[in-house]
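Reading the sequence shown from the start, the letters are residues 1 to 133 in full-length UniProt numbering. Backbone N, C-alpha and C fix where the C-beta goes; we use that ideal spot for every residue, glycine too.
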Amino acid sequence: LTLAIPDRPGNNRLDTLSNIIANPNVGLLFVIPGFEDTLRVNGRATLTRDPELLKSMGVAGRIPNLAIIVSVSEVFMHCAKAFRRSRLWSADHFQDRTEMPSLIKMILDETTGAPTDRDEMRKMDEGLEEDYR
1 LTLAIPDRPG
11 NNRLDTLSNI
21 IANPNVGLLF
31 VIPGFEDTLR
41 VNGRATLTRD
51 PELLKSMGVA
61 GRIPNLAIIV
71 SVSEVFMHCA
81 KAFRRSRLWS
91 ADHFQDRTEM
101 PSLIKMILDE
111 TTGAPTDRDE
121 MRKMDEGLEE
131 DYR
C-alpha cells in the first residue's frame, strides 16, 4: 500500500521535508473531528516531483510542487482512551480564545517582539484571517 500526500502551494514545510530526507521513517495519525478512534500509519517516505501524479492532485487549478510518497509498512487503530480522558471533542472543555493571545502575537513575541500598537496588531491578525480564506 502506498499513500501520496501533496505539499499544497503555500505549505512549504521545509522542516518536514528536510526531516524526511534525513530520516524517511514516518508515522501518520489520522484524526477525524468528533471521532475518538484514530488510524495510525507507519512507513517510509520519499519525495517526488512526478508531473502526472502532481497534476492529479491539483485543486482549483493549483498543482502542488511536490508530494510525499509513503510506502506503508504498518496500519492499526489507536484506542479512544486518551481522547475520552482529554474530552478533546467536548465543547464545554474548549479553551476560551479570549484567554489566549493571537497566533501573530505568539509568533512575534518569540521572534521580533509584538508591536505595542493595538491597531497594528489588529491589522496583522485580520491579515492572517484573510489568508486563511
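Taking a cut-off of 8 Å on C-beta distances, the stretch 6-22 touches the stretch 55-68, as three or more cross pairs fall below it.
Between the alpha carbons of Glu52 and Arg133 lies a gap of roughly 28 Å. Taking a C-beta distance under 9 Å as the contact criterion, Ser71 and Thr16 do not qualify as a contact pair.
Per DSSP, the unbroken alpha helix (DSSP H) holding Asn19 starts and ends at 14-22.
The distance from the Cβ of Asp37 to that of His78 is about 7 Å, consistent with a contact at the 8 Å cut-off.
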